[in-house]
Amino acid sequence: MELSNNLLLYGPPGTGKTYNTVNYAVSIIENRPFEEIVKEGYALALEKYSKYTLMGRIAFMTFHQSLSYDDFIEGIRPDITEDGSLVYVPMPGAFYRFCRDADHPRLIDGAVPDIFVTVSDDSHIYTVSIPEAENQQDFEMSVIDPQLLPEGTSAGDVLVSMVSPTESDMIGVVMSTNPDRCVVRWHKFSAAQKVKGAQKGREMPYRIYMPTKKFVYTLVHEGGSGDMGNCVFIIDEINRGNISRIFGELITLLESSRRKGNPECLEVYLAQMKTMFSVPDNVYVLGTMNTADKSLTALDAALRRRFEFIEMMPDPMVLNNREVSGVNLSKLLAIINNRIEILYDREHMIGHAYFISVKSIDDLAQCFINKVIPLLQEYFFDDYEKICWVLGRHDDPRKCDFIVMRPRTSFQMKFNLPNIFDIVKDYRVFLNPESYILMYKGEL
């Protein structure tokens, strides 16, 4: 399945959203199915992720309320000159720098032959029919008749030599051109390649409207690594930032059809950088969003429309039915989330990541005391009756070993005031496996 240029992983906390950005980033860069990357193991994916980050093909950023357009796209910064004068200099933002670097073919170390390092998405792609006598060997320079080329062909354009309506035997880059001659450097394929975008029945030469770099990478690799020069910009906690303030006019440019190299490409003028800017087609934006934190700004509707959403929910089977002192962690997580979904909603379930590091009953006790119970207190606004239902016994959810009701005072009884609950202070209760087992025993 081909992934969108803009992806957003969303779900409750602890479901592996940030964790899985590693797998998704490697999948996008290597142009391979996500499932293949997962099957190879997280350690290998993390190793590749680190390598691609050093190459500049992956960047990671966390949004927050103080982040602005100046940090993300462009801004100005004060500076002191040698003579002590105060000046304001334009400063490129993180996303602008990433897009600028991603648009440079040299970013792809060894992905294509050297003759293609000058190719950018500003270059045009033309299909041509080269006479057999002029068909050259790999990387050899040739001089061809300009009449074989479309009008307006210039240095840097890509020529695709077609041997059939849909197949090519070589691809070249125009080195120089004038009315009398055109110098082209060719790369010959070992076997004819299918050309994406080729049109049957159309008279050559004609232009192929595709992102140029991606087209070249795909064709040159001949089914090899599949590396198409993709780059991934990861935005963690995307809904923590003020979206309109950070993205500005970039929101429109994020659309796949508006990317550089596409027929409907849009460019905007950046006033501080004094240049035209568009988002390259090989740049993928991968975001994460915590659905449980309602205190955060809702995702901007304009940005939401441009993203494809991948839901990531708690998965008890990630814990592989691991048992600690007889407590089945998968069943424990499942029953807790079943009750939370009924009492609150599915967006506030507890992620499997909370239990990943639990190896003993002591770890489980610490997890409940320091993570699970405080989270439930926040979710239910210290409504201990509901917390008791979440953590209560399967036969009577009102009975919970971890929560105790204070003795009613005369004042409470006189005015019929509600009961007051406390978290059990005796640590030994949390070390008792039966306290956890009774939550799911007989129900799952």
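Going by the numbering used here, the sequence shown opens with residue 471, and the numbers climb by one from there. Note that the Cβ used here is the ideal one computed from N, Cα and C, for glycine as well. Predicted, not measured: the structure shown is a model, and the values here were computed from it.
- Contact check for V653 against V613 passes: the beta carbons are separated by less than 8 Å.
- Only exposed fits Q617, as fewer than 16 other CB atoms lie within 10 angstroms of its CB.
- Rounded to the nearest angstrom, the gap between the Cα atoms of L629 and I595 is 6 Å.
- Residue environment: R527 is assigned as buried (16 or more neighbouring CB atoms within 10 Å of its CB, all protein chains considered).
- Here DSSP, grouped into helix, strand and coil, assigns F565 to helix.
- For V686, the enclosing alpha helix (DSSP H) stretches over residues T682 to V690.
- A contact is defined here as three or more CB-CB pairs under 8 Å, and the region 666 to 678 fails this definition with respect to the region 491 to 499.
- The three-state secondary structure of F530, taken from DSSP, is strand.
- Taken in chain order, the complete beta strand (DSSP E) segments of 3 residues or longer contained in the region 617 to 689 are 628 to 632, 637 to 647, 652 to 664 and 676 to 678.
- The residues A625, C652 and V653, in chain order, have a CB closer than 8 Å to that of S646 in the same chain once the five nearest residues on each side in sequence are set aside.
- In terms of CA proximity to S538, R710 leads the group R710, D852 and I805.
- By the CB criterion at 8 Å, V828 and F872 fall outside the cutoff.
- Residue pairing by DSSP places V557 opposite D549 in a beta bridge.
- When only Cα atoms are considered, F777 and A661 end up about 38 Å apart.
- Taking the Cβ atoms as the reference, Q742 lies roughly 6 Å from I546, within the contact range of under 8 Å.
- Per DSSP, the beta-bridge partners of D706 are T532.
- Following the DSSP letters along the chain, one finds M909 inside the alpha helix (DSSP H) bounded by residues P903 to Y910.
- Under the three-state reduction of DSSP, Y480 is assigned to strand.
- For L861, the three-state secondary structure derived from DSSP is helix.
- In this structure, the CA atom of Y739 is about 19 Å from the CA atom of V753.
- Secondary structure note for D892: its beta strand (DSSP E) is the uninterrupted segment F891 to I893.
- Counting the other CB atoms within 10 Å of its CB gives G486 a total of 16 or more, which places it among the buried residues.
- Residue environment analysis places T758 among the buried positions, since at least 16 neighbouring C-beta atoms fall within 10 angstroms of its C-beta.
- Under the 10 Å beta carbon count, S638 is surrounded by 16 or more other beta carbons and is classified as buried.
- Taking P620 as the centre and dropping the five residues before and after it, the same chain places the C-beta of Y596 and P675 closer than 6 Å to its C-beta, in chain order.
- Taking each of I600, P562 and C569 in turn and checking the Cα distance to D591, the smallest one comes out for C569.
- The bridge partners DSSP lists for V755 are N476 and F703.
- Counting the other Cβ atoms within 10 Å of the Cβ of V559 gives fewer than 16, which makes it exposed.
- Rounded to the nearest whole angstrom, the CA to CA distance from M883 to E855 is 18 Å.
- No residue range can be given for L736, since it is assigned to no beta strand (DSSP E) and is classified by DSSP as neither H nor E.
- I857 and T488 have their C-alpha atoms some 28 Å from each other.
- Here DSSP, grouped into helix, strand and coil, assigns L724 to coil.
- At a Cβ-Cβ threshold of 8 Å, L478 and F779 count as neighbours.
- Our two residues, M787 and I805, have alpha carbons roughly 13 Å apart in a direct line.
- The beta carbon of I893 is closer than 7 Å to those of I843, F872 and I873 in its chain, skipping five residues each way along the sequence.
- A distance below 8 Å between beta-carbons, with the five flanking residues on each side excluded, links D832 to the following residues of its chain, in chain order: L901.
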